[in-house]
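Participant: Dropping the structure in here first, questions after.
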Amino acid sequence: MEHIAYPLGDKLQTIFDVKQHISDKMPKEFADEYQPLLIKATKDKKRPKFPNKSLLLAVCAACIGGTFQCGYNTSIINAPTTHVQNFINQTWSERYQTDISADVLTLLWSTIVSIFTIGGLLGVTVGGTLSVKLGRKGTLLANNIFAFMAALLMGLSYPTGLFELLIIGRFLTGIYAGIGLCVQPLYLGEIAPTAFRGAMGMGTSIFITGGILTGQVMGLKELLGKEEYWPILLSTTCIPAFLQLLILPWFPESPRYLLIDKGDDEGCKKALKQLHGIAGCDDEWADIEKEKNNLVNFQAKKPWELLTDRSVRRQLLTVLLLNAAQQLNGINAIYFYADYLFRQSGIPDDKIPYVTVGTGACECITALTCGMLIDRLGRKVLITGGYTLMSICCILFTLTLSFQDASPVFPYVSVVCVFAFILSFGLGPGGVTNILTTELFTQTARPAAYIIAGSLNWLSFFFIGLVFPFIVIGLQQYCFLVFLAVCSLTALYIFLFVPETKNKTFVEIQNEFQSRKACSANGAGTTQLSTSI
Numbered sequence: 004m005e006h007i008a009y010p011l012g013d014k015l016q017t018i019f020d021v022k023q024h025i026s027d028k029m030p031k032e033f034a035d036e037y038q039p040l041l042i043k044a045t046k047d048k049k050r051p052k053f054p055n056k057s058l059l060l061a062v063c064a065a066c067i068g069g070t071f072q073c074g075y076n077t078s079i080i081n082a083p084t085t086h087v088q089n090f091i092n093q094t095w096s097e098r099y100q101t102d103i104s105a106d107v108l109t110l111l112w113s114t115i116v117s118i119f120t121i122g123g124l125l126g127v128t129v130g131g132t133l134s135v136k137l138g139r140k141g142t143l144l145a146n147n148i149f150a151f152m153a154a155l156l157m158g159l160s161y162p163t164g165l166f167e168l169l170i171i172g173r174f175l176t177g178i179y180a181g182i183g184l185c186v187q188p189l190y191l192g193e194i195a196p197t198a199f200r201g202a203m204g205m206g207t208s209i210f211i212t213g214g215i216l217t218g219q220v221m222g223l224k225e226l227l228g229k230e231e232y233w234p235i236l237l238s239t240t241c242i243p244a245f246l247q248l249l250i251l252p253w254f255p256e257s258p259r260y261l262l263i264d265k266g267d268d269e270g271c272k273k274a275l276k277q278l279h280g281i282a283g284c285d286d287e288w289a290d291i292e293k294e295k296n297n298l299v300n301f302q303a304k305k306p307w308e309l310l311t312d313r314s315v316r317r318q319l320l321t322v323l324l325l326n327a328a329q330q331l332n333g334i335n336a337i338y339f340y341a342d343y344l345f346r347q348s349g350i351p352d353d354k355i356p357y358v359t360v361g362t363g364a365c366e367c368i369t370a371l372t373c374g375m376l377i378d379r380l381g382r383k384v385l386i387t388g389g390y391t392l393m394s395i396c397c398i399l400f401t402l403t404l405s406f407q408d409a410s411p412v413f414p415y416v417s418v419v420c421v422f423a424f425i426l427s428f429g430l431g432p433g434g435v436t437n438i439l440t441t442e443l444f445t446q447t448a449r450p451a452a453y454i455i456a457g458s459l460n461w462l463s464f465f466f467i468g469l470v471f472p473f474i475v476i477g478l479q480q481y482c483f484l485v486f487l488a489v490c491s492l493t494a495l496y497i498f499l500f501v502p503e504t505k506n507k508t509f510v511e512i513q514n515e516f517q518s519r520k521a522c523s524a525n526g527a528g529t530t531q532l533s534t535s536i
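Throughout the sequence shown, residue numbering follows our numbering, covering 4 to 536 in sequence.
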């Protein structure tokens, strides 16, 4: 038999010649053995180096009224804290002719802040259902109603003298953020081609951190941080909502939703051409059609059905662990300690807000960096590395806070640790978690997975906000040993049990989990090769 010396990896332009040579010169069995390599090389040849411009604009349109709002409304409430408390005290005095007690004031302020998480929990529970009924794009557009209602109520609270409107407005803002945080990653994961799914999915993290940074900047006294401007500051949540209503209608619904959920072949093809271009839509159409054939006669699962489905138990466990760890890994503790550490290092009080903006910029830049690296290094490397670096930072925090007064150097080391921890979080856990929630499930299970994972995420957010002050009081600087355990155990679990999902279709990822489950059940020592259904 004639020897073939075609290096497929280096000369992809000869791929069709090689294919013809194999079919002419080799036995069928040998040709079949090379067929997967030929298919992969052909895909690599067709794969574009950069995403389509229309796809990038669609991602921005979805994110500006989605997770950007979640980050923005999380951070803008910090700047007017004193001003809002003064308003509550003044309103209470005018209404009841007596000053409000410190305990009641604290309770009302805590309610205004924390009810955002209750709204988020409610939003995420209905977001998945709405995404099936209205579509991904349709839900994002309809969701803006909550933003306009919230902006109106919070803006009217001061002129009407009703601080209760702030509570209702923050609750509606939470619902808005919860729906957006549930549905937007669904939309991004389903419109992106396989080769760019990681980078496009990072839009969730990039726009959350961008929202946090924007909220911090808007809250500076040079902009809307003055006392007379706080109602306007809280009402600015309507601006991103307006921008989304202006831009998103120009882009199509999720192609996967159109074909798999609605059976709209023509709509799917049209959406793929707009998002990926004519040259890039064929492969994506084939992948979506393969997934549709694999899910024939299947209906979208309800959350309770997904919880009892043994075939996706490992995927669900992984996603639940990652979403809980995202809130319990200590990132909230870092922001809690940041002001104290900045003061200890000699930064004047009036300059601390600007340094805080620096932490937001640090996290935003890291999210952008992760977006550029995720499709090169893979999800597993970034999230495992992120949690590992966070574990190291927890050890350093415990040491530097324990010896804070021993040397003038330690406060500066602690400040460095603040930025290192934020960088480590943004590099992996902050961005990759949502992408894995998209990738570990197929079309029928994905909305229910986001409802379950999002609910746990918001519950963990509420829990850490409720319990964290008591942890700090009880353990002081040793509270970071708790976060060390969370980060290190999560990193170990990902390293041992979570497969790499880079450049794999949703069906291939599902098959790999099934293969690992079969190997574990059979006691096999090697992982079976996954094949497409």
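C-beta: ideal position from N, C-alpha, C; glycine also.
All values derive from a computational prediction rather than experimental measurement.
1) Where ALA202 and LEU323 are concerned, what is the direct C-alpha to C-alpha distance, given to the nearest angstrom?
2) For VAL501, name the three-state secondary structure that DSSP assigns.
3) CB-CB under 6 angstroms to PHE498, same chain, minus the five flanking residues each way: which ones, in chain order?
4) Give a yes or no on contact between the region 253-263 and the region 95-106, applying the rule of three or more CB pairs nearer than 8 angstroms.
5) Restricting to runs no shorter than 4 residues, where is the alpha helix (DSSP H) found entirely within the region 341-424?
6) Hey, could you find the ends of the alpha helix (DSSP H) SER257 is sitting in?
7) I need the DSSP call for GLU225, collapsed to helix, strand or coil.
8) Going by CA-CA distance only, name the one from TYR415, ILE148, LEU226 that's closest to TYR343.
9) Can you tell me which of PHE516, ALA456, CYS490 puts its alpha carbon nearest to the alpha carbon of ILE334?
10) Using only CA atoms, which one of GLY164, CYS73, LEU246 lies nearest to PHE174?
11) Return helix, strand or coil for ASP312, following the three-state DSSP convention.
12) Please go through the same chain and pick out, in chain order, the residues whose beta-carbon is closer than 6 angstroms to the beta-carbon of GLN407, but skip the five residues on each side of it.
13) Using the Cα positions of SER394 and ASN92, report the straight-line distance between them to the nearest angstrom.
14) According to DSSP, is LYS265 helix, strand or coil?
15) CA-CA distance, PHE483 and GLY218?
16) Whose CA, out of ASN55, ALA82, ALA65, lies closest to the CA of ASP353?
17) If you draw a straight line from the C-alpha of LYS459 to the C-alpha of SER405, how long is it?
18) So, for CYS365: in the same chain, excluding its five sequence neighbours on each side, which residues have a beta-carbon less than 8 angstroms away from its beta-carbon?
19) Is it right to say THR109 is buried, meaning 16 or more other beta carbons lie within 10 angstroms of its own, or is it exposed?
20) Whose C-beta lies closer than 6 angstroms to the C-beta of THR391 among residues of the same chain, with five residues either side of it excluded?
21) In terms of alpha-carbon separation, which member of LEU492, GLU515, PHE516, PRO450 lies closest to LYS136?
22) Going by beta-carbon coordinates alone, are ILE454 and CYS185 separated by less than 8 angstroms?
23) Cα separation between LEU439 and ARG382?
24) Would you call GLY266 buried or exposed, if buried means 16 or more other Cβ atoms sit within 10 Å of its Cβ?
25) Do the region 239-251 and the region 57-70 meet, that is, are 3 or more Cβ pairs less than 8 angstroms apart?
26) Could you check whether the region 194-209 touches the region 144-161, counting it as contact only if at least three pairs of C-beta atoms, one from each stretch, sit closer than 8 angstroms?
27) Is the Cβ-Cβ distance between ALA327 and PHE471 less than 8 angstroms?
28) Mind checking which residues open and close the alpha helix (DSSP H) that includes PRO234?
29) Within its chain, find whatever has a CB closer than 6 angstroms to the CB of PHE464; leave out the 5 residues flanking it on each side and keep chain order.
30) Could you give the first and the last residue of the continuous alpha helix (DSSP H) run that contains GLU167?
31) Identify whether ASP285 lies in helix, strand or coil by the three-state DSSP scheme.
32) Please state whether DSSP places ASP106 in a helix, a strand or coil.
33) May I ask you to report which of helix, strand or coil DSSP gives GLN513?
34) Among residues of its own chain, excluding the 5 on either side of VAL116, which ones have a beta-carbon nearer than 7 angstroms to its beta-carbon?
35) Distance check for LEU237 and LEU275, CA to CA, integer angstroms please.
36) For the region 439-504, list the beta strand (DSSP E) runs that are entirely contained and at least 3 residues long, ordered along the chain.
Facilitator: To lay it out plainly:
1) As a first step, residue 202 must be located in the sequence shown, where it is residue number 199. As a first step, residue 323 must be located in the sequence shown, where it is residue number 320. For ALA202 and LEU323, the distance between alpha carbons rounds to 22 angstroms.
2) Numbered from 1 along the sequence shown, position 498 holds the residue referred to as residue 501. Residue state, collapsed to three classes: coil.
3) Taking the first residue of the sequence shown as 1, we reach residue 498 at position 495. Excluding positions up to five away in sequence, the list reads THR387.
4) no
5) 355-380, 382-405
6) On the sequence shown, position 254 is the one that residue 257 refers to. It is not in any alpha helix (DSSP H) - SER257 carries neither H nor E in the DSSP assignment.
7) In the sequence shown, residue 225 corresponds to position 222, counting from 1. In the structure shown, GLU225 sits in coil (DSSP, three-state: anything other than H, G, I, E or B).
8) By 1-based counting over the sequence shown, the position of residue 343 is 340. With distances taken between Cα atoms, TYR343 lies closest to TYR415.
9) Within the sequence shown, the letter at position 331 stands for residue 334. For the residues PHE516, ALA456, CYS490, the minimum Cα distance to ILE334 belongs to CYS490.
10) Mapped onto the sequence shown, residue 174 falls at position 171. Of GLY164, CYS73, LEU246, the residue nearest in Cα terms is CYS73.
11) Counting from 1 along the sequence shown, the entry for residue 312 is found at position 309. In this structure, ASP312 counts as coil in the three-state DSSP scheme.
12) By 1-based counting over the sequence shown, the position of residue 407 is 404. PHE413.
13) As a working note, residue 394 is residue 391 in the sequence shown. As a working note, residue 92 is residue 89 in the sequence shown. Going from the Cα of SER394 to the Cα of ASN92 covers about 43 angstroms.
14) On the sequence shown, position 262 is the one that residue 265 refers to. Three-state result, LYS265: coil.
15) Walking along the sequence shown from the start, residue 483 turns up at place 480. Walking along the sequence shown from the start, residue 218 turns up at place 215. Each residue's alpha carbon lies about 27 angstroms from the other.
16) For this step, residue 353 is matched to residue 350 along the sequence shown. The residue with the shortest Cα to Cα distance from ASP353 is ALA82.
17) In the sequence shown, counting from the first residue as 1, residue 459 sits at position 456. In the sequence shown, counting from the first residue as 1, residue 405 sits at position 402. Strictly speaking, residue 459 in this sequence is Leu, with Lys absent from that position. When rounded, the distance between both Cα atoms is 33 angstroms.
18) In the sequence shown, counting from the first residue as 1, residue 365 sits at position 362. Correct list, in chain order: PHE422, ILE425, LEU426, GLY429.
19) Stepping through the sequence shown from its first residue, residue 109 is reached at position 106. With fewer than 16 other Cβ atoms within 10 Å, it is exposed.
20) For the purposes of this step, residue 391 is identified with residue 388 of the sequence shown, where counting begins at 1. Answer for THR391: ALA494, listed in chain order.
21) Within the sequence shown, numbered from 1, the residue matching residue 136 stands at position 133. Of the candidates LEU492, GLU515, PHE516, PRO450, the one whose C-alpha sits nearest the C-alpha of LYS136 is PRO450.
22) The residue labelled residue 454 in the question sits at position 451 within the sequence shown. The residue labelled residue 185 in the question sits at position 182 within the sequence shown. Yes. Within cutoff.
23) Here residue 439 is taken as the residue at index 436 of the sequence shown, counted from 1. Here residue 382 is taken as the residue at index 379 of the sequence shown, counted from 1. Near 8 angstroms, if we compare the C-alpha coordinates of ARG382 and LEU439.
24) Residue mapping note: residue 266 aligns to position 263 of the sequence shown, counting from 1. Exposed, by the Cβ-count rule.
25) yes
26) no
27) On the sequence shown, residue 327 is found 324 positions in, with the first residue counted as 1. On the sequence shown, residue 471 is found 468 positions in, with the first residue counted as 1. No, these two residues do not count as a Cβ contact at 8 angstroms.
28) Within the sequence shown, residue 234 is the residue found at index 231, counting from 1. Note, PRO234: alpha helix (DSSP H), 233-238.
29) Your numbering for residue 464 matches position 461 in the sequence shown. Answer for PHE464: THR120, GLN330, listed in chain order.
30) In the sequence shown, the residue the question calls residue 167 occupies position 164. Segment 167-194, the alpha helix (DSSP H) holding GLU167.
31) Mapped onto the sequence shown, residue 285 falls at position 282. Helix, per DSSP.
32) Translated into the one-based positions of the sequence shown, residue 106 becomes position 103. The answer is helix: DSSP assigns ASP106 an H, G or I state.
33) The residue labelled residue 513 in the question sits at position 510 within the sequence shown. GLN513 falls in the helix class under three-state DSSP.
34) As a first step, residue 116 must be located in the sequence shown, where it is residue number 113. Here the set comprises ILE80.
35) Position 272 of the sequence shown holds residue 275. Position 234 of the sequence shown holds residue 237. Cα-Cα distance, rounded: 38 angstroms.
36) none
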